[in-house]
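Those letters in the sequence shown? Residues 10 to 149, per this note's numbering, in order.
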Amino acid sequence: LQAALDTLPEHIAVISAEGDVLMVNEAWRRFGREQQSSSDRATGVSANYFAACRNATGPARGEAHAAMRGIRAVAEGALARFSLEYRCETPTETLWFAVTASPLGPPGGGVLVAHADVSERTPYKALAHTDPLTGVANRR
């Protein structure tokens, strides 16, 4: 299973129903190394994903709490799937990710959490709501 997960470009974690990180793929580990973060301690294997979301601070706090609630709902069987797009500020750039949570078996069986980098398409969202010539918000 690890070799298969390591081939995927998405940052993937397999978590228990309680939020314990059981497995992560190479893209997940690489992102942590590139950001020189404490992600292994905060969200690496044996950390608690829900605690990391609960302890989030700053502008991403609301999205982290929403992600935690959605992923928990998938783990409990209340949702078949959960997805949320969020902004990620790194020391060098602003990225956008889409997190998707899918159940692993029946309720209580764990969750596969995948974070896909959607930064390339995100600037177009702003254009849909802002006039590209004037920078003024559209009324639509």
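Yeah, the Cβ is synthetic: ideal placement off N, Cα and C, and Gly gets one too.
Residue i, enclosing beta strand (DSSP E) - first and last residue
| i | result |
| --- | --- |
| R96 | 91-98 |
| A22 | 20-24 |
| L31 | 30-33 |
Three-state class that DSSP yields for residue i in the structure shown
| i | result |
| --- | --- |
| P115 | coil |
| V120 | strand |
| L14 | helix |
| A56 | coil |
| A65 | coil |
Distance, residue j Cα to residue i Cα
| i | j | result |
| --- | --- | --- |
| H20 | G117 | 22 Å |
| D29 | R81 | 12 Å |
| I24 | E85 | 13 Å |
| A89 | R38 | 27 Å |
| H124 | P115 | 22 Å |
| F91 | V54 | 22 Å |
| G41 | E27 | 23 Å |
| T16 | P112 | 20 Å |
| A22 | N34 | 7 Å |
| A60 | A76 | 12 Å |
| V108 | C97 | 12 Å |
Expected contact under 8 Å - CB spacing of residue i and residue j to nearest Å
| i | j | result |
| --- | --- | --- |
| A73 | A65 | 3 Å |
| Q44 | T99 | 5 Å |
| A110 | G79 | 6 Å |
| V122 | F106 | Their Cβ separation, rounded to whole angstroms, is 11 Å, which puts V122 and F106 out of contact at 8 Å. |
Boundaries of the alpha helix (DSSP H) in which residue i is found, first to last residue
| i | result |
| --- | --- |
| G71 | 70-85 |
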